[in-house]
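K.L.:
The structure follows.
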Amino acid sequence: MANESHTELQDRAESAAMLHISPPTRWDQPFGDKQQFTPEMVQAILRHEPFSLLAAENFPTGRNFHDLLLNDGRITHYQRGDIITHVGAYGSSCFLLLSGELRLMLSLPEHFDVSDKKRDKITSVYSALRQLWSNSAIAERRDASRYGKHQEINTREADGRLIHMVENLPELIEAAHSEVVESGTFFGEISALTRAPRAAMIVAESDAVIYELRWQGLRDLRKWDAGFRIWVDRLLAQRNMLPFFTQNKILRHLPPEQILAVAEHASFEQLGDTHWYRKSGKISSANRVNSAEEIIMAQGSYLDGVLLIRGGFVRVMESYGSAERTIGVLTENQMYGLHTVLEHHKNPQRPLIMAHTIKAMGYVDLLRIPTHIVISHILPILQLKGLVSRDLLEQVAPAFEQEEFEHRDQALLETLLDKHIINGTATMLIDMDRCVGCDDCVRACATAHDNNPRFIRHGTEYANLQFTNACMQCRDPVCTVDCPTGAIVRKEGTRVITINDTACIGCGNCARSCPYDNIRLVTVSDQQGRLLMNEETNQPIKKATKCDLCVDQLGGPACARACPHDALTRIDTSDPKALRQWLDR
Amino acid sequence: MAGPLTHYFKRSLSTTLILALVIAGLITVWRISDTRFYQVSEWTGWSLFGLVLLLVLYNVRKKISMLPVGRAWYWRRMHTWLGWLAIVVFVLHSGWQPPAGKLNFILWLFMLIIFASGIFGLLLSIALPPRITRSEGRVQLERIPRIRAGLLRKADHLIARLAKEQGSQPLTDFYTQQIRHYLFKPREFAAHCFNSANQARKLINSLDTLSRYIDKTADEKAEQLRQLIDYKHRLDRQYSLQFLLRVWTYVHVAFSISLLVLVVLHVIVNYAYHLELGF
Ligand code: SF4
Ligand code: SF4
Chain Y
16 MANESHTELQ DRAESAAMLH ISPPTRWDQP FGDKQQFTPE MVQAILRHEP
66 FSLLAAENFP TGRNFHDLLL NDGRITHYQR GDIITHVGAY GSSCFLLLSG
116 ELRLMLSLPE HFDVSDKKRD KITSVYSALR QLWSNSAIAE RRDASRYGKH
166 QEINTREADG RLIHMVENLP ELIEAAHSEV VESGTFFGEI SALTRAPRAA
216 MIVAESDAVI YELRWQGLRD LRKWDAGFRI WVDRLLAQRN MLPFFTQNKI
266 LRHLPPEQIL AVAEHASFEQ LGDTHWYRKS GKISSANRVN SAEEIIMAQG
316 SYLDGVLLIR GGFVRVMESY GSAERTIGVL TENQMYGLHT VLEHHKNPQR
366 PLIMAHTIKA MGYVDLLRIP THIVISHILP ILQLKGLVSR DLLEQVAPAF
416 EQEEFEHRDQ ALLETLLDKH IINGTATMLI DMDRCVGCDD CVRACATAHD
466 NNPRFIRHGT EYANLQFTNA CMQCRDPVCT VDCPTGAIVR KEGTRVITIN
516 DTACIGCGNC ARSCPYDNIR LVTVSDQQGR LLMNEETNQP IKKATKCDLC
566 VDQLGGPACA RACPHDALTR IDTSDPKALR QWLDR
Chain P
10 MAGPLTHYFK RSLSTTLILA LVIAGLITVW RISDTRFYQV SEWTGWSLFG
60 LVLLLVLYNV RKKISMLPVG RAWYWRRMHT WLGWLAIVVF VLHSGWQPPA
110 GKLNFILWLF MLIIFASGIF GLLLSIALPP RITRSEGRVQ LERIPRIRAG
160 LLRKADHLIA RLAKEQGSQP LTDFYTQQIR HYLFKPREFA AHCFNSANQA
210 RKLINSLDTL SRYIDKTADE KAEQLRQLID YKHRLDRQYS LQFLLRVWTY
260 VHVAFSISLL VLVVLHVIVN YAYHLELGF
């Protein structure tokens with residue numbers, strides 16, 4: 016067969032039916048315009064830490080850190096008032112301030128709020144009930160005066176990109192709690208390394224020049240240059256380790272100085288592909304995620320430490336028949352290998368060998384804590400009586416190693432993984448054996464959302480379950496990655512991804528990025544029902560809409576409350592216990 | 010059918026027991042008050058009125074989905090159990106025979122229709138969804154007319170092309186006389202509900218027989234028609250089951266609202282009558 020196709024290829028080549036071109040390479044499309052990098056500019060970048068630590072000899076032959084800096088980086092000239100990062104937005108690059116001054120906004124004053132007032136939290140029973148008569152018969156009605164002139168934030172185009180700017184910076188600085196960021200500061204590494212949303216808004220206080228390095232470049236610089244890696248990881252440990260460890264139900268018991276000690280020895284790793292969703296197209300009943308999964312560690316290899324997952328999903332597999340089957344999945348704040356180390360510590364005869372193959376599903380961000388550090392710092396917490404219960408241990412570090420590990424419904428598990436539904440923290444799940452198709456859920460959703468339901472009652476099906484087309488509030492919300500205005504963000508302190516209607520420019524990037532097809536662009540009307548049109552293009556103004564889990568409503572998701580047959584739930588699909596409980600209800 | 014029903018009753022065992030106790034208590038009170046010549050019809054009447062109001066509240070709950078007033082699922086369960094209770098109180102109130110007087114008779118009849126449609130709906134909502142899920146080609150009820158129209162368009166186009174290319178009288182005739190008629194609108198509603206629809210099979214068999222009289226090109230078109238007929242058969246089954254699942258609520262709700270008006274009239278008329286008699 017292989018020979019046949021080879022001959023076929025040769026034949027076609029000979030018959031000149033082929034065009035030979037150079038194969039596509041990583042930097043065919045650099046991050047920014049390489050012409051911007053004058054020798055002085057490169058010198059300026061290399062003057063500041065951590066870039067000043069880069070040493071050419073640390074890079075293997077054929078690799079040059081200059082290429083990395085130029086191809087994975089870009090220079091942006093910001094003006095006073097320009098917004099560099101939005102709080103809650105998704106960021107995948109880090110920055111070096113080359114000149115000028117910035118302001119880090121630790122808190123934003125209320126009057127600076129650009130959110131759509133209509134979508135503010137409903138706080139009284141009366142205001143909830145009022146929706147009955149105040150909702151117009153016309154769907155998607157908006158207060159047109161909120162768009163344009165009343166905004167605190169405006170946009171401008173610079174270096175081929177849309178940049179948001181604050182209209183009245185002095186007023187904002189006066190009202191907000193803020194800090195100055197000085198020239199030479201390196202920042203943004205937390206989001207770039209951990210895919211966490213930006214923690215604060217950063218605004219240019221004077222005209223500023225910023226070097227921005229995308230995460231791929233940051234990853235490679237860290238990989239090849241130990242000095243660079245240690246500096247960045249130390250910064251990350253200082254800025255992020257304490258809050259991160261306190262989210263982990265076991266590690267939060269470590270005293271701060273021990274956390275820093277663990278962080279010092281641990282290594283950060285990023286595997287897989289942050290843009291997995293771009294390759295897969297829309298996920299549907301017939302279509303699955305098809306990006307290759309990178310092996311993190313193979314079954315039978317030496318386990319050199321415990322893996323703590325910081326973001327993304329890890330598929331755990333074991334040999335079965337002539338192939339491998341999935342037996343579980345790990346996500347944020349869960350650990351792999353703890354039980355093996357524990358067993359080995361109790362009985363040194365037991366080898367530190369991987370019992371499974373583990374793979375990065377899409378994209379994974381993890382921390383590898385060396386075995387000796389686990390033994391000296393983490394095991395003592397487990398041995399303290401009453402601190403970590405069996406249940407808690409099982410939750411944080413599922414015992415895939417133990418034989419009694421209960422295999423879940425294999426086909427269901429594979430469906431959740433193949434279609435990446437595991438990503439959902441509030442997936443809409445409908446039990447079709449109970450659903451009578453009354454559409455009460457759809458109507459309740461419409462009442463809570465401008466008379467237009469935010470989901471369609473169909474979707475991927477497995478047996479009697481339907482994973483309905485409603486935004487799942489993903490752990491890895493890829494829809495937020497390409498939003499040019501930071502309109503689609505994760506609401507602070509929650510899992511909910513919300514769209515700021517005022518800031519949304521209707522470009523459709525989020526809808527195109529969402530692999531589950533759960534975002535819709537809608538045309539909007541003013542209070543009188545007149546279609547809002549763009550005066551420049553004469554095209555209808557569009558806004559992105561999606562399920563927001565009724566964040567602004569009393570009592571949570573209206574769809575789940577409205578179902579009279581207990582057929583619909585919003586569930587964290589990566590939580591096998593919750594899933595099992597609901598299925599067995 | 011037995012599977013989901015058994016499952017439903019097993020799940021509701023404790024509530025059924027409580028309800029049985031309440032009903033037993035009610036019957037005892039009724040017997041005592043009946044033998045002691047208390048105003049039985051009065052207290053059973055007012056209880057029934059109260060129950061009807063509570064039952065109607067369920068519909069109000071559906072309209073105020075934006076308020077945190079508990080999950081509709083709990084309301085519906087409550088609605089079901091209060092419904093069973095209302096049947097018992099209704100029997101105690103009206104006796105076993107149809108009452109005298111036109112208004113009372115209409116009221117009695119409406120009650121029966123509401124109870125019957127409620128029980129029918131309850132059974133359907135337990136038994137039909139699994140059937141719908143398990144029969145192939147589930148689509149939303151609202152989308153079915155559009156899909157059906159699409160099928161018809163496809164079939165028309167197929168035959169028009171055949172006629173243009175070379176024509177085949179037997180197939181064209183059979184299409185215009187029978188297949189088109191079948192594809193045009195939903196067929197065999199009741200038969201689909203009982204899983205006994207066979208018009209599609211007959212048409213496909215006839216097409217098989219017709220194959221002897223048509224050439225290869227026409228036979229290819231006949232094969233495509235077979236697939237369309239088969240699809241339409243599945244679509245009709247979905248339509249029948251889903252329509253049935255929905256239509257009973259219209260009957261139930263419409264009669265319930267009319268009943269509320271009649272109940273108020275009934276109360277007024279009865280009290281006016283009693284006052285006249287000097288009670
Ligand atoms: S819109 Fe799509 S990608 Fe974004 S959180 Fe919702 S389901 Fe996930
Ligand atoms: S409310 Fe429940 S039963 Fe009705 S359509 Fe929605 S999920 Fe199905």
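Protein chains in written order, with our numbering: chain Y, 16 to 600; chain P, 10 to 288.
In this text, a Cβ means the ideal position worked out from N, Cα and C, and glycines have one as well.
Taking the straight line between their C-alpha atoms, what separation do you get for P/Ile135 and P/Phe99?
P.N.:
Rounded to whole angstroms, P/Ile135 to P/Phe99 spans 25 Å at the Cα level.
K.L.:
Classify P/Asn207 as buried or exposed, calling it buried when 16 or more other Cβ atoms lie within 10 Å of its own Cβ.
P.N.:
With fewer than 16 other Cβ atoms within 10 Å, it is exposed.
K.L.:
Does the beta-carbon of Y/Phe74 have 16 or more other beta-carbons within 10 angstroms, so that it is buried, or is it exposed?
P.N.:
When all chains shown are included, Y/Phe74 counts as buried.
K.L.:
What does the Cβ neighbour count give for Y/Gly115, buried or exposed, with the cut at 16 atoms within 10 Å?
P.N.:
Buried, since its Cβ has 16 or more Cβ neighbours within 10 Å.
K.L.:
Are there 16 or more other CB atoms within 10 angstroms of the CB of P/Asp217, so buried, or fewer, so exposed?
P.N.:
The residue is exposed, with fewer than 16 neighbouring Cβ atoms inside 10 Å.
K.L.:
Suppose the cutoff is 7 Å on Cβ atoms and the five residues either side in sequence are ignored; what does the same chain contact list for Y/Tyr162 look like?
P.N.:
Closer than 7 Å at the Cβ level, and outside the excluded window around Y/Tyr162, lie Thr517.
K.L.:
How about Y/Met487 and Y/Ala441: are their beta carbons less than 8 Å apart?
P.N.:
Their beta carbons are under 8 Å apart, which means Y/Met487 touches Y/Ala441 by this criterion.
K.L.:
Is it buried or exposed for Y/Ser108, if we count other Cβ within 10 angstroms and need 16 for buried?
P.N.:
Label assigned to Y/Ser108: buried.
K.L.:
Let me make sure I understand the geometry here. Which of P/His242, P/Leu167, P/Leu112 and P/Val273 has the alpha-carbon closest to that of P/Thr226?
P.N.:
When only C-alpha atoms are compared, the closest one is P/Leu167.
K.L.:
Closer than 8 Å is the cut-off here; do at least three beta carbon pairs connect the region 152–170 of chain P with the region 192–200 of chain P?
P.N.:
With the cut-off at 8 Å, the region 152–170 of chain P and the region 192–200 of chain P touch.
K.L.:
I need the residues with a C-beta less than 7 Å from some heavy atom of ligand 1; please give them in chain order.
P.N.:
After applying the 7 Å Cβ criterion, the set is Y/Asn438, Y/Gly439, Y/Cys486, Y/Met487, Y/Gln488, Y/Cys489, Y/Pro492, Y/Val493, Y/Cys494, Y/Thr495, Y/Ile512, Y/Cys525, Y/Ser528, Y/Cys529, Y/Pro530, Y/Tyr531, Y/Asn533, Y/Ile534 and Y/Lys561.
K.L.:
At a threshold of 7 Å, does Y/Leu583 count as lining ligand 2 (C-beta to nearest heavy atom)?
P.N.:
It does: the Cβ of Y/Leu583 is within 7 Å (strictly closer) of some heavy atom of ligand 2.
K.L.:
By the three-class DSSP mapping on this structure, what secondary structure does P/Phe119 have?
P.N.:
Looking at P/Phe119 - three-state DSSP - the assignment turns out to be helix.
K.L.:
Counting along the chain, where does the beta strand (DSSP E) carrying Y/Met180 start and finish?
P.N.:
From DSSP, the beta strand (DSSP E) with Y/Met180 extends over Arg176 to Val181.
K.L.:
If you measure from the beta carbon of P/Lys211 to each beta carbon in chain Y, is any gap under 8 Å?
P.N.:
P/Lys211 does not count as touching chain Y.
K.L.:
Between P/Trp82 and chain Y, is any beta-carbon pair separated by less than 8 Å?
P.N.:
Output row for P/Trp82: interface = yes.
K.L.:
Taking P/Gln247 as the query, report the chain Y residues whose CB atoms sit under 9 Å from its CB, ordered along the chain.
P.N.:
Simply none; closest approach about 10 Å.
K.L.:
Check the Cβ-Cβ distances between Y/Met3 and every residue of chain P, and say whether any is below 8 Å.
P.N.:
Since the displayed chain Y opens at 16 and closes at 600, residue 3 of chain Y lies outside it and no answer follows.
K.L.:
Which residues of chain P have a Cβ atom closer than 8 Å to the Cβ of Y/Leu569, listed in chain order?
P.N.:
Residues of chain P passing the Cβ test: Met75, Leu76 and Pro77.
K.L.:
In whole angstroms, what separates the C-alpha of P/Phe203 from that of Y/Cys498?
P.N.:
In a straight line, the C-alpha of P/Phe203 is about 53 Å away from that of Y/Cys498.
K.L.:
With a cut-off of 8 Å, does the C-beta of P/Pro195 fall near any C-beta of chain Y?
P.N.:
Chain Y, which has no Cβ nearer than 8 Å to the Cβ of P/Pro195, makes this no.
K.L.:
Quick one: what's got a C-beta closer than 6 Å to Y/Arg244's C-beta in the same chain, skipping five residues either side?
P.N.:
Here the set comprises Arg237.
K.L.:
With a threshold of 16 other CB atoms inside 10 Å of the CB of P/Phe114, please say whether the residue is buried or exposed.
P.N.:
The residue is exposed, with fewer than 16 neighbouring Cβ atoms inside 10 Å.
K.L.:
Using 8 Å as the cut-off, can you tell me whether the region 456–468 of chain Y makes contact with the region 547–559 of chain Y, which would need three or more C-beta pairs spanning the two stretches below that distance?
P.N.:
In short, these stretches do not touch, since the Cβ pair count stays below three.
K.L.:
Tell me, to the nearest whole angstrom, how far the beta carbon of Y/Arg325 is from that of Y/Asp380; I am working on the premise that it is less than 8 Å.
P.N.:
Indeed they touch by this definition, with Cβ atoms about 5 Å apart.
K.L.:
Under the rule that 16 or more other beta-carbon atoms within 10 Å means buried, what is Y/Met16, buried or exposed?
P.N.:
Because the pLDDT of Y/Met16 is 40, which lies under 50, any placement of that residue in the model is unreliable, and the number read from its coordinates should be weighed accordingly. By the 10 Å Cβ count, Y/Met16 comes out exposed.
K.L.:
By a C-beta neighbour count over all protein chains shown, 10 Å radius and 16 as the cutoff for buried, is Y/Asp406 buried or exposed?
P.N.:
Counting Cβ neighbours within 10 Å, Y/Asp406 comes out exposed, since fewer than 16 surround it.
K.L.:
Is Y/Cys450 close to chain P, meaning its C-beta is less than 8 Å from at least one C-beta of that chain?
P.N.:
Cβ-Cβ to chain P under 8 Å: yes for Y/Cys450.
K.L.:
Could you give the distance in angstroms between the alpha-carbon of P/Lys230 and the alpha-carbon of Y/Phe482?
P.N.:
Near 37 Å, if we compare the C-alpha coordinates of Y/Phe482 and P/Lys230.
K.L.:
Looking at Y/Asp406 and ligand 2, is the gap between the Cβ and the nearest heavy atom below 7 Å?
P.N.:
Every heavy atom of ligand 2 is 7 Å or more from the Cβ of Y/Asp406, so no.
K.L.:
Taking 7 Å as the cut-off, is the C-beta of Y/Ile556 nearer than that to any heavy atom in ligand 2?
P.N.:
Answer for Y/Ile556: no, Cβ out of range of ligand 2.
K.L.:
Where do the N-terminal and C-terminal ends of the beta strand (DSSP E) with Y/His473 fall, by residue?
P.N.:
Counting along the chain, the beta strand (DSSP E) containing Y/His473 begins and ends at Ile471 to Tyr477.
K.L.:
May I ask you to list the residues that DSSP assigns as paired with Y/Met216?
P.N.:
Partner(s): Y/Met120.
K.L.:
Quick one: which chain P residues come within Cβ less than 8 Å of Y/Gln146?
P.N.:
By Cβ distance, chain P contributes Met75.
K.L.:
Name the chain Y residues whose beta carbon is nearer than 7 Å to that of P/Lys71?
P.N.:
Chain Y residues near P/Lys71: Asp455.
K.L.:
From this set, P/Ala33, P/Leu30, P/His16 and P/Leu101, which residue's C-alpha is nearest P/Trp55's C-alpha?
P.N.:
With distances taken between Cα atoms, P/Trp55 lies closest to P/Leu101.
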